[in-house]
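Colleague: Residue numbers (this note's numbering), protein chains in the order written: chain X, 16 to 388; chain L, 40 to 283; chain P, 61 to 428. Each residue gets a CB set at the ideal place from its N, CA and C atoms; glycine is no exception.
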Amino acid sequence: MRTILFIIQKEFKQIMRNKGMLPIIFVLPLLQLLILSNAATFEVKNIQLSYVDYDKSTSSKELVDKFRASSYFAVLESFPSKKLADEAMEKGKVEVVLEIPLHFEKNLIKDKKADLAVYINAIDGAKAGVENVYVNQIVGQFNQNIMLKAFQQQGQMARPMQVTTIPSFWYNNTLNYKTYMVPGILVLLITMLTLFLSGMNIVREKEMGTLEQINVTPIKKHQFIIGKLFPFWVLGMVIMTIGLLISKFVFAVPLIGNIGLIYLFSSVYLLVILGMGLLISNYTDTQQQAMFIAWFFVVIFILMSGLFTPIESMPKWAQNITLFNPIRYFVEVIRMVMLKGSGFKDIYFQLIIISLYAVLMNGLAVLSYKKTN
Amino acid sequence: MEREKIIEVKDLTKSFGDFTAVKSITFDVYKGEIFGFLGANGAGKTTAMKMLIGISTPTSGSATVGGFNVFTQADLVKRNIGYMSQKFSMYDDLTIKENITFFGGIYGLSRKQIKEKIKQVLVELDLEQVANNLVGSLPLGWKQKLAFSVALLHEPKIVFLDEPTGGVDPITRRQFWELIYAEANKGTTIFVTTHYMDEAEYCNRVSIMVDGTIEALDTPKNLKEQFNVDSMNAVFLKLARNIE
Amino acid sequence: MKRFIGFVRKEFYHIFRDRRSMFILFGMPIAQIMLFGFAITNEINNVNIAILDKSKDAETKVIIGKISASKHFNIENDILNESQIESVFKKGKVKAVLVFEKDFARNLATQKSGTVQVISDATDPNTANTITNYTQAILQLYQKELNKDVQTPYQIQVQSQMYYNPEMKSVFNFVPGVMTVILMLVSAMMTSISITREKELGTMEILLVSPLKPIVVILGKVFPYIFLSLINAVVIVVLSIFIFNMPVEGSLFLLGLESILFIITSLTLGVLISTISETQQTALMISLMGLMLPVIILSGFIFPLSSMPLPLQVISNIIPAKWFIIIVKGIMLKGVGLSMLWKETLIMVGMALFFTIISIKKYKIRLE
Numbered sequence: 016m017r018t019i020l021f022i023i024q025k026e027f028k029q030i031m032r033n034k035g036m037l038p039i040i041f042v043l044p045l046l047q048l049l050i051l052s053n054a055a056t057f058e059v060k061n062i063q064l065s066y067v068d069y070d071k072s073t074s075s076k077e078l079v080d081k082f083r084a085s086s087y088f089a090v091l092e093s094f095p096s097k098k099l100a101d102e103a104m105e106k107g108k109v110e111v112v113l114e115i116p117l118h119f120e121k122n123l124i125k126d127k128k129a130d131l132a133v134y135i136n137a138i139d140g141a142k143a144g145v146e147n148v149y150v151n152q153i154v155g156q157f158n159q160n161i162m163l164k165a166f167q168q169q170g171q172m173a174r175p176m177q178v179t180t181i182p183s184f185w186y187n188n189t190l191n192y193k194t195y196m197v198p199g200i201l202v203l204l205i206t207m208l209t210l211f212l213s214g215m216n217i218v219r220e221k222e223m224g225t226l227e228q229i230n231v232t233p234i235k236k237h238q239f240i241i242g243k244l245f246p247f248w249v250l251g252m253v254i255m256t257i258g259l260l261i262s263k264f265v266f267a268v269p270l271i272g273n274i275g276l277i278y279l280f281s282s283v284y285l286l287v288i289l290g291m292g293l294l295i296s297n298y299t300d301t302q303q304q305a306m307f308i309a310w311f312f313v314v315i316f317i318l319m320s321g322l323f324t325p326i327e328s329m330p331k332w333a334q335n336i337t338l339f340n341p342i343r344y345f346v347e348v349i350r351m352v353m354l355k356g357s358g359f360k361d362i363y364f365q366l367i368i369i370s371l372y373a374v375l376m377n378g379l380a381v382l383s384y385k386k387t388n
Numbered sequence: 040m041e042r043e044k045i046i047e048v049k050d051l052t053k054s055f056g057d058f059t060a061v062k063s064i065t066f067d068v069y070k071g072e073i074f075g076f077l078g079a080n081g082a083g084k085t086t087a088m089k090m091l092i093g094i095s096t097p098t099s100g101s102a103t104v105g106g107f108n109v110f111t112q113a114d115l116v117k118r119n120i121g122y123m124s125q126k127f128s129m130y131d132d133l134t135i136k137e138n139i140t141f142f143g144g145i146y147g148l149s150r151k152q153i154k155e156k157i158k159q160v161l162v163e164l165d166l167e168q169v170a171n172n173l174v175g176s177l178p179l180g181w182k183q184k185l186a187f188s189v190a191l192l193h194e195p196k197i198v199f200l201d202e203p204t205g206g207v208d209p210i211t212r213r214q215f216w217e218l219i220y221a222e223a224n225k226g227t228t229i230f231v232t233t234h235y236m237d238e239a240e241y242c243n244r245v246s247i248m249v250d251g252t253i254e255a256l257d258t259p260k261n262l263k264e265q266f267n268v269d270s271m272n273a274v275f276l277k278l279a280r281n282i283e
Numbered sequence: 061m062k063r064f065i066g067f068v069r070k071e072f073y074h075i076f077r078d079r080r081s082m083f084i085l086f087g088m089p090i091a092q093i094m095l096f097g098f099a100i101t102n103e104i105n106n107v108n109i110a111i112l113d114k115s116k117d118a119e120t121k122v123i124i125g126k127i128s129a130s131k132h133f134n135i136e137n138d139i140l141n142e143s144q145i146e147s148v149f150k151k152g153k154v155k156a157v158l159v160f161e162k163d164f165a166r167n168l169a170t171q172k173s174g175t176v177q178v179i180s181d182a183t184d185p186n187t188a189n190t191i192t193n194y195t196q197a198i199l200q201l202y203q204k205e206l207n208k209d210v211q212t213p214y215q216i217q218v219q220s221q222m223y224y225n226p227e228m229k230s231v232f233n234f235v236p237g238v239m240t241v242i243l244m245l246v247s248a249m250m251t252s253i254s255i256t257r258e259k260e261l262g263t264m265e266i267l268l269v270s271p272l273k274p275i276v277v278i279l280g281k282v283f284p285y286i287f288l289s290l291i292n293a294v295v296i297v298v299l300s301i302f303i304f305n306m307p308v309e310g311s312l313f314l315l316g317l318e319s320i321l322f323i324i325t326s327l328t329l330g331v332l333i334s335t336i337s338e339t340q341q342t343a344l345m346i347s348l349m350g351l352m353l354p355v356i357i358l359s360g361f362i363f364p365l366s367s368m369p370l371p372l373q374v375i376s377n378i379i380p381a382k383w384f385i386i387i388v389k390g391i392m393l394k395g396v397g398l399s400m401l402w403k404e405t406l407i408m409v410g411m412a413l414f415f416t417i418i419s420i421k422k423y424k425i426r427l428e
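#1: With distance defined between alpha-carbon atoms, name the residue in X:Pro-182, X:Val-150, X:Arg-343 and X:Ala-100 nearest to Gln-217 of chain P.
#2: Tell me which residues share the same chain as Gln-340 of chain P and place their Cβ nearer than 7 Å to its Cβ, disregarding the 5 neighbours each side in the sequence.
#3: Under a CB-based cut-off of 8 Å, is Leu-276 of chain X close to chain L?
#4: Which residue from P:Lys-126, P:Val-122 and P:Gly-152 puts its Cα closest to that of Val-346 of chain X?
#5: Do you know how far the Cα of Phe-323 of chain X is from the Cα of Leu-51 of chain X?
#6: May I ask which residues mark the beginning and end of the beta strand (DSSP E) holding Ser-370 of chain X?
#7: Spell out whether any CB of chain L is found under 8 Å from the CB atom of Phe-27 of chain X.
#8: Output the distance between the C-alpha atoms of Met-252 of chain X and Ser-281 of chain X, rounded to the nearest integer angstrom.
#9: DSSP three-state label for Ser-96 of chain X, please.
#10: Round the Cβ separation of Gln-365 of chain X and Val-348 of chain X to the nearest angstrom and send it over; I've been treating them as touching at under 8 Å.
#11: Only counting the same chain, and skipping five residues up and downstream in sequence, which positions put a Cβ closer than 6 Å to that of Ala-113 of chain L?
#12: Look at the Cβ atom of Glu-476 of chain X, then the Cβ atom of Asn-136 of chain X, and state whether they are nearer than 8 Å.
#13: Since I believe Ile-247 of chain L is in contact with Leu-77 of chain L (beta carbons under 8 Å), could you give me their beta-carbon distance rounded to a whole number of angstroms?
#14: Using the C-alpha atoms, what's the distance from Met-129 of chain L back to Gly-140 of chain X?
#15: Got a sec, what are the start and stop residues for the beta strand (DSSP E) Ile-229 of chain L sits in?
#16: What do you get for Pro-236 of chain P, buried or exposed, if any count of 16 or more other CB atoms within 10 angstroms of its CB means buried?
#17: Counting Cβ pairs closer than 8 Å, one from the region 175-184 of chain X and one from the region 253-268 of chain X, do we hit at least three?
#18: Going straight from the alpha carbon of Phe-414 of chain P to that of Thr-98 of chain L, what length do you get?
#19: Can at least three beta-carbon pairs, one atom from the region 238-250 of chain X and one from the region 17-29 of chain X, be found at a separation below 8 Å?
#20: With which residues is Gln-19 of chain P paired in a DSSP beta bridge?
#21: Taking Cβ-Cβ distances shorter than 7 Å, what residues in chain P pair up with Asp-70 of chain X?
#22: For Leu-200 of chain L, I'd like the list of residues in its chain whose CB is within less than 6 Å of its CB, leaving aside the five on either flank, ordered along the chain.
#23: Got a sec, what are the start and stop residues for the beta strand (DSSP E) Pro-44 of chain X sits in?
#24: Looking at Phe-164 of chain P: is its Cβ nearer than 8 Å to the Cβ of Glu-103 of chain P?
#25: Could you check the C-alpha separation between Met-40 of chain L and Gln-125 of chain L for me, to the nearest Å?
#26: Where does Pro-364 of chain P sit, in a helix, a strand or coil, going by DSSP?
#27: With DSSP collapsed to three states, give me the class of Gln-340 of chain P.
#28: State the CB to CB distance for the pair Leu-327 of chain P and Ile-296 of chain P, rounded to an integer number of angstroms; the pair is presumed to be in contact (CB under 8 Å).
#29: Comparing the C-beta of Ile-11 of chain X with each C-beta of chain L, is any distance below 8 Å?
#30: Please tell me whether Gly-83 of chain L has its Cβ less than 8 Å away from any Cβ of chain X.
#31: Is there a Cβ of chain P sitting closer than 8 Å to that of Phe-307 of chain X, yes or no?
#32: When Cβ atoms are compared, which residues of the region 217-240 of chain X fall closer than 9 Å to chain L?
#33: What is the rounded straight-line gap between the Cα of Ala-273 of chain L and the Cα of Pro-274 of chain P?
#34: Gly-290 of chain X: which of X:Met-319, X:Val-314, X:Phe-245 and X:Thr-256 sits nearest, CA to CA?
#35: Going by alpha carbons, who is nearest to Phe-313 of chain P out of P:Ala-129, P:Met-408 and P:Val-388?
#36: Once you ignore the five residues that flank Asn-53 of chain X on each side, which residues in its own chain have a CB closer than 8 Å to its CB?
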């Protein structure tokens, strides 16, 4: 135990002394949390919409006004021709173009039917899908208004049947994206920070030659590993705490569940990540190599974590892969506990998995740390 | 009088794949002597030494250090030895005091003992002025003397020095050897590798390794007589030429 | 020149000798493209939902049938009463619950109006909103069928056309992003480390006192990475063309030139990082912690830039990745040429120059 304390003391001194690293450890992650959380949104708004009105009638104007009134769209100046509108889309100036054909109003009155062409930049397919839904909603309302007027004239007789949907958004009724992203990004930042630091740690001593000096001492493997892990574990918990304070007081993310559960889960989770870092460190010879491997895993883990894109939408085999991803579990749990108030019985499965993971990772880290070769 | 053997090495071999770095070497080191382990770069001296200090596992053969088997009792070996490597290996970003505290701590010294050691080392090496300076800011010669003292913190029976004077000026080398003599006089066994042949003259006995085998082992005086030359350097050159 | 080639050769040896790093260097783009092509999508599919049917009549059965036929939904279980909703949400098993009111069919027949409540777990606002939209669309279709006998007056029919990506494949949107992130991080990270490494090990001094000019030393160090990054870019483009049928509407030659320009911009950023960091550790943390998330989030790779708050849209302008993504999308999907992309190209050139000037300044200060 005493031996471990000496290692811990030394590690803390080295961390605190490195003036170049301190801001990277403490400021960079929190700054990113503050800034990037605002950017991470799939919400589609301010859609740049323009139109080509070949009809120039009352109806066409009314239709465009409907779009103007919508908060989803930012309606720009109209284009005199489709060709010019296409060019603007190529330049990336507009996202959606409405083309109102000649005789639009005439057809509407005569045939009770008129076509409206809509062109959408679909490079981002998901966004284009949402834009399409919004266009259809607005046109649908326009149709509905015409219909209501018509039935008011006709009387109640042939009133059509109506199915009304009442949406209700639980836990987040303003659909505020930040409450969803802040906890997730916090998890990510802590993961990256602790993985990179621990991944570089032992290999750095290898490169500097001090590891050999340690290896000729009678120190036990587990003492060394624990002494190395602990400072970063504390660091992770500190950043976690500051991050939670930021999410509470800056982003007003609700904290419905028990904060103790979050700390319980993070304390085990950090062990997984740190163990993984040390494992990488043991298997590499240079810091450059270690970072490269850590980077590889982090990127794959981030993408497969459900942080940015939903796991349910992945094919089954990919969903199964995510079961091996520790980040997935923490992202899931922190969101469940903070935003929905899930309790211990809701997350015990994730907790068991992550605990097994921690045992596995650190077991491997101790085993693979060779004092001899 | 039969002297007490403190290191006994028999048929020690180390191979890396097809390459055999150390080919079945056998020798003994007596308690309290300064044993020089000589050889050109790549002759296998560092590999052999790493087996003796328990950070490299021998492929075959046996060795005991301080009465403990390096194969099976590596931890007990480590308690009884000190080691200083050719690559300066203390923490550059810790101060002198902090380095001593750390290494003392992992060798199990008490806080009180550590305090006394710090005082003792600082006085002996005349480093009191810079006790709180980062080790990284010290000149190489000072660092090496400090590393030697750190290797002796836990008062080991044997201390292994791997090219301890690489890259320092002749005066510092001289001073360093004075430290080695002082320690040997206290009864500590010194096992030192070097490729400075003049340093070989300071040793009680030297062995010369060429291509993984020990080609000669005796006192410097006897070796010079045997090869009929007047310096260790000449001994070494003759040996190396014979092999080619 | 001969000296320069010798130096570059030494750098190549360093890089190629490290098998593990090479494996990752080339495995990374392949792994990422495969994941984005086959696994990751920002569409909403297979969402687990639950049904609370208080009516259980013929009409609700028809609607439930339609919902379960949709690829978007996956009906996980039935719920018997309202109090269960909370607990299924907390377990995270389902994302939404559809509640059919009591006597749904009768209300529809007598009062010509039926109500379906869509309760969604809005912790993920995007999924919640999309689920609601999809459900509404399904119900509207159903409503249309109900009313097919009732004569409807005027209707405007929307005919949507999806430009540049008619099948709305999400991989088309991600390929330019993956390419950007990989090129940026590989170039910036590798150069910043390899230069600081020489600094830390003291070998930089040896190189600088050699007859080589400092600029030649730096050029020699970055040159191999231009080459390696370019191979990566080629691998990504080839995979996306042959596996995901991604078109290259514009000029491949221009795409290559722009990629080299972007790689150079990233390399100069790497050099800049190395001039401000003393240790490899610092360089690594700046290039990984400092670059990774901003490049992923603020470049338009995953999240649409137009939806971000204005200050962030302004900030995104200083991310070189943003401009390169616009260029790659433009060339590959829109088929536009330099006449449309000159502005973005100039911005990248400007950034490269800026990073170079700052690096040289920093470097000079040190020498004095």
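Modeller: The structure says:
#1: Out of X:Pro-182, X:Val-150, X:Arg-343 and X:Ala-100, X:Val-150 has the C-alpha closest to the C-alpha of Gln-217 of chain P.
#2: Here the set comprises Ile-253, Thr-256, Arg-257 and Glu-260.
#3: Residue contact check for Leu-276 of chain X against chain L: no CB pair falls below 8 Å.
#4: Minimum Cα distance to Val-346 of chain X is reached at P:Gly-152.
#5: In this structure, the alpha-carbon of Leu-51 of chain X lies about 12 Å from that of Phe-323 of chain X.
#6: Segment 359-383 is the alpha helix (DSSP H) holding Ser-370 of chain X; no beta strand (DSSP E) there.
#7: Residue contact check for Phe-27 of chain X against chain L: no CB pair falls below 8 Å.
#8: Whole-angstrom Cα-Cα distance: 8 Å.
#9: Note: Ser-96 of chain X maps to coil in three-state DSSP.
#10: Indeed, because the Cβ distance is near 5 Å, the residues count as touching under 8 Å.
#11: Only Gly-93 meet the Cβ criterion.
#12: Lying before the first or after the last residue shown, residue 476 of chain X is absent from chain X, which here runs from 16 to 388.
#13: Confirmed, about 5 Å.
#14: Going by the C-alpha atoms only, they are around 57 Å apart.
#15: Where Ile-229 of chain L is concerned, the enclosing beta strand (DSSP E) stretches over 228-233.
#16: Around the C-beta of Pro-236 of chain P, 16 or more other C-beta atoms lie within 10 Å, and the residue is accordingly described as buried.
#17: By the Cβ test, the region 175-184 of chain X is not in contact with the region 253-268 of chain X, since fewer than three Cβ pairs between them sit closer than 8 Å.
#18: Using only the alpha carbons, I get a separation of about 57 Å.
#19: Of all C-beta pairs linking the region 238-250 of chain X to the region 17-29 of chain X, three or more are shorter than 8 Å, placing the two stretches in contact.
#20: The structure shown has nothing for residue 19 of chain P, since chain P only spans 61 to 428.
#21: Contact of Asp-70 of chain X with chain P by beta-carbon distance below 7 Å is absent, the smallest such distance being about 12 Å.
#22: Same-chain partners within the cutoff: Met-123 and Val-231.
#23: Per DSSP, Pro-44 of chain X lies in no beta strand (DSSP E) segment; the continuous alpha helix (DSSP H) that holds it begins and ends at 36-54.
#24: Going by C-beta atoms, Phe-164 of chain P is not nearer than 8 Å to Glu-103 of chain P.
#25: Residue placement at Met-40 of chain L cannot be trusted, given a pLDDT of 46 that sits under 50; what the coordinates show is reported in the next sentence. If I take the Cα positions, the gap works out to 35 Å.
#26: In the three-state reduction of the DSSP assignment, Pro-364 of chain P falls in the coil class, being assigned neither a helical nor a strand state.
#27: Three-state DSSP puts Gln-340 of chain P in a helix.
#28: 18 Å between Cβ atoms; not a contact.
#29: The first residue shown for chain X is 16 and the last is 388, placing residue 11 of chain X beyond what the model contains.
#30: With 8 Å as the cut-off, Gly-83 of chain L does not count as an interface residue toward chain X.
#31: By this cut-off, Phe-307 of chain X is an interface position.
#32: Taking 9 Å as the Cβ-Cβ cut-off, the region 217-240 of chain X approaches chain L at Glu-220, Met-223, Gly-224, Thr-225, Leu-226, Glu-227, Gln-228, Ile-229, Asn-230, Val-231, Thr-232, Pro-233, Ile-234, Lys-235, Gln-238 and Phe-239, given in chain order.
#33: C-alpha of Ala-273 of chain L to C-alpha of Pro-274 of chain P: approximately 44 Å in a straight line.
#34: Closest option to Gly-290 of chain X, Cα to Cα, is X:Phe-245.
#35: Out of P:Ala-129, P:Met-408 and P:Val-388, P:Val-388 has the C-alpha closest to the C-alpha of Phe-313 of chain P.
#36: Same-chain partners within the cutoff: Lys-193.
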